[in-house]
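First the structure, in the form of structure tokens, and then the observations on it.
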């Protein structure tokens with residue numbers, strides 16, 4: 347089965363008699379990974395894949411629109427952009443380890459490369475404190491973020507508000523569940539490392 351194909355839930359078909367079974371199929375990306383114990387996990391994984399990729403595309407395109415006012419800034423990728431927002435978060439300087447931890451990026455060299463790219467673009471500055479370097483956004487970085495926020499409000503928040511189908515509590519609950527799933531996948535990754 348190819349990405350996005352439907353897979354029936356074997357567990358639900360075992361739980362109900364034939365005449366009571368609804369004709370619901372699960373949309374999954376990898377039918378060969380669907381487990382009889384947790385078919386819904388495959389649905390979630392497909393949702394994560396498409397949502398993650400859509401979020402990445404949005405982040406890059408939204409930032410590219412904001413960059414129109416900053417032609418000297420080179421194209422930024424997803425990790426570059428997320429690192430910029432992480433450095434700017436709450437207006438406090440961040441160490442490389444803090445940025446990696448917040449973004450849940452294990453390979454520090456990926457974030458280190460992104461931060462160096464942001465420094466070269468004049469969006470972030472680093473200040474050595476003892477053996478470590480703390481990073482902060484520059485005025486130019488803050489201006490780019492402010493423009494991105496305006497574009498986000500116009501393109502994403504307004505469209506989201508127009509949906510009217512998802513209430514704030516449901517969205518907050520979804521965010522909490524995604525953080526819980528992140529912990530589950532993190533622990534599974536640690537377990538796999540020990541096999």
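In the numbering used here, the protein residues as written are 347 to 541. Ideal Cβ placement from N, Cα and C applies to all residues, glycine included. Since we're looking at a predicted model, the values are computed, not measured.
Asked, Found
"With DSSP run on the structure shown, which of helix, strand or coil describes residue 522?", "helix"
"Just curious, the beta strand (DSSP E) that residue 512 is in, first and last residue?", "Premise fails: residue 512 is in no beta strand (DSSP E) and is neither H nor E."
"Go ahead and label residue 369 buried or exposed: buried means 16 or more other beta carbons lie within 10 angstroms of its beta carbon, across all protein chains shown.", "Confidence at residue 369 is low in this model, with a pLDDT of 47, below 50, so its placement is unreliable and the value that follows should be read with caution. Exposed, because fewer than 16 other Cβ atoms sit within 10 Å of the Cβ of residue 369."
"Pairing CB atoms from the segment 462 to 477 with CB atoms from the segment 414 to 421, are three or more of them under 8 Å?", "yes"
"If we ignore side chains and look at the alpha-carbon of each, how far apart do residue 536 and residue 375 end up?", "24 Å"
"When you compare the CB of residue 439 with every CB in chain B, is at least one pair closer than 8 Å?", "Considering every chain present, this structure includes no chain B. It has just one protein chain."
"If I follow the unbroken alpha helix (DSSP H) through residue 454, where does it start and stop?", "454 to 466"
"Is the number of C-beta pairs between the segment 457 to 464 and the segment 497 to 511 that are closer than 8 Å three or more?", "no"
"Using a 10 Å radius around the Cβ and a threshold of 16 neighbouring Cβ atoms, would you call residue 412 buried or exposed?", "buried"
"Can you tell me where the beta strand (DSSP E) with residue 478 in it begins and where it stops?", "478 to 483"
"On the DSSP letters alone, give me the boundaries of the alpha helix (DSSP H) that residue 413 sits inside.", "385 to 413"
"Taking one C-beta from the segment 422 to 429 and one from the segment 385 to 405 each time, how about it: are there three or more such pairs within less than 8 Å?", "yes"
"Which whole-angstrom value describes the C-beta separation of residue 441 and residue 480, a residue pair presumed to lie in contact below a C-beta threshold of 8 Å?", "6 Å"
"Per DSSP, what kind of secondary structure is residue 470 in: helix, strand or coil?", "strand"
"With a CB to CB cut of under 7 Å and the five nearest residues on each side skipped, what residues in its chain are close to residue 379?", "388"
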